[in-house]
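1 is the number of the first residue of the sequence shown in my numbering; add one for each residue after it. The beta carbon of each residue, even a glycine, is placed where N, CA and C say it ideally should be. Only a predicted model underlies this, so the values are computations on that prediction, with no experimental measurement involved. Down below is the structure, laid out as structure tokens.
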Amino acid sequence: MALTFAGRRTAAALTAALLVPLAACGDDGSQEEIGAGKATGAPPARLTVLAAASLTDVFKAAGAAYEKAHPGTRITFSFAGSQELVAQVRQGAPADALVTADTRSMDSVKADTGTPAVIARNRLVIATAEGNPHEVDTLEDLGDPKLKVVLAAPEVPAGKYSRKILDARRITVRPVSQEPSVRAVLSKVELGEADAGLVYRTDADSAPGKVDAVDIPDAQNAIAQYPAATLKQSRNAEAAAAFVAWLSSPEAQNILRDAGFQKP
1 MALTFAGRRT AAALTAALLV PLAACGDDGS QEEIGAGKAT GAPPARLTVL
51 AAASLTDVFK AAGAAYEKAH PGTRITFSFA GSQELVAQVR QGAPADALVT
101 ADTRSMDSVK ADTGTPAVIA RNRLVIATAE GNPHEVDTLE DLGDPKLKVV
151 LAAPEVPAGK YSRKILDARR ITVRPVSQEP SVRAVLSKVE LGEADAGLVY
201 RTDADSAPGK VDAVDIPDAQ NAIAQYPAAT LKQSRNAEAA AAFVAWLSSP
251 EAQNILRDAG FQKP
């Protein structure tokens with residue numbers, strides 16, 4: 001039997017009413033995740049971020065905050081020395097964004113990234129065992145041949161910064177080991193395998209009760225810069241760009257400040 005005009009209007013209205021909730025749901029039927037993702041302007045995605053080892057603790061907190069504000073998005077971080085991250089990018093590792101501990105590392109893969117933005121700064125301190133049993137007070141003390149000093153390897157940003165400030169004061173240090181990341185330097189001091197090492201302020205702060213931090217005067221120190229950029233190989237370009245942009249937002253900057261990082 002043919003529907004009357006009024007009947008057709010009723011049927012159309014019922015069809016539209018049924019389609020609305022279906023359109024709001026994702027493939028898994030989750031209305032909240034898709035709706036919230038659109039509200040924030042970033043599409044839900046699974047992102048992989050290559051990040052400098054010194055960002056390990058703060059990025060775990062930042063990632064959790066970002067995921068909370070962007071339901072449906074999940075971030076996996078791969079932490080390593082910046083030189084290792086650069087090698088991964090050159091080898092085509094599947095990732096969406098890169099954050100290094102120096103601009104030189106980022107510049108070395110500029111053909112593979114979007115335009116980087118510095119999101120934070122850091123500075124070096126001398127890490128010693130808790131209580132500073134060897135009474136290390138200055139950079140010059142690191143030149144004591146009786147002191148077991150560990151440094152980051154020359155190709156690691158922390159290693160480059162360390163050598164820059166030691167060379168500037170003509171201090172000869174013969175490290176007992178040269179580590180692939182600044183976190184590895186910190187670990188050596190924590191475990192008592194070294195008497196002292198040069199690490200970032202934030203690294204020393206991440207190990208309360210395990211290491212002491214001896215400040216280095218500003219005039220003798222080096223400032224580390226952390227640039228962040230999307231990777232052109234990303235399959236989630238829009239979501240990756242949204243995360244990188246968020247790192248400069250007040251919320252992300254507060255998280256970085258709380259962890260001891262300085263303003264960009």
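- Approximately 18 Å separates the beta-carbon atoms of K148 and A213; this is outside 8 Å, ruling out the contact.
- Among the bridge pairs identified by DSSP, V49 is matched with F77, A97.
- Taking each of A239, V199, S234, R235 in turn and checking the Cα distance to A222, the smallest one comes out for V199.
- When C-beta atoms of the segment 81-95 are compared with those of the segment 138-158, three or more pairs fall below 8 Å, so the two segments count as touching.
- Following the DSSP letters along the chain, one finds S105 inside the alpha helix (DSSP H) bounded by residues 103-107.
- Under the three-state reduction of DSSP output, A259 falls in the coil class, being neither helix nor strand.
- Between the alpha carbons of F59 and A52 lies a gap of roughly 10 Å.
- Distance check between K232 and each of A93, G63, A61, P208 places A93 closest, using alpha-carbon atoms only.
- The segment 61-74 and the segment 98-113 do not touch, with fewer than three beta-carbon pairs separated by less than 8 Å.
- If you check the CB distance, F243 and A97 come in under 8 Å.
- Exclusion of the five residues before and after S206 leaves D57 as the residues of its chain whose Cβ lies within less than 7 Å of its Cβ.
- Taken in chain order, the complete beta strand (DSSP E) segments of 3 residues or longer contained in the segment 192-250 are 196-200, 211-215, 223-230.
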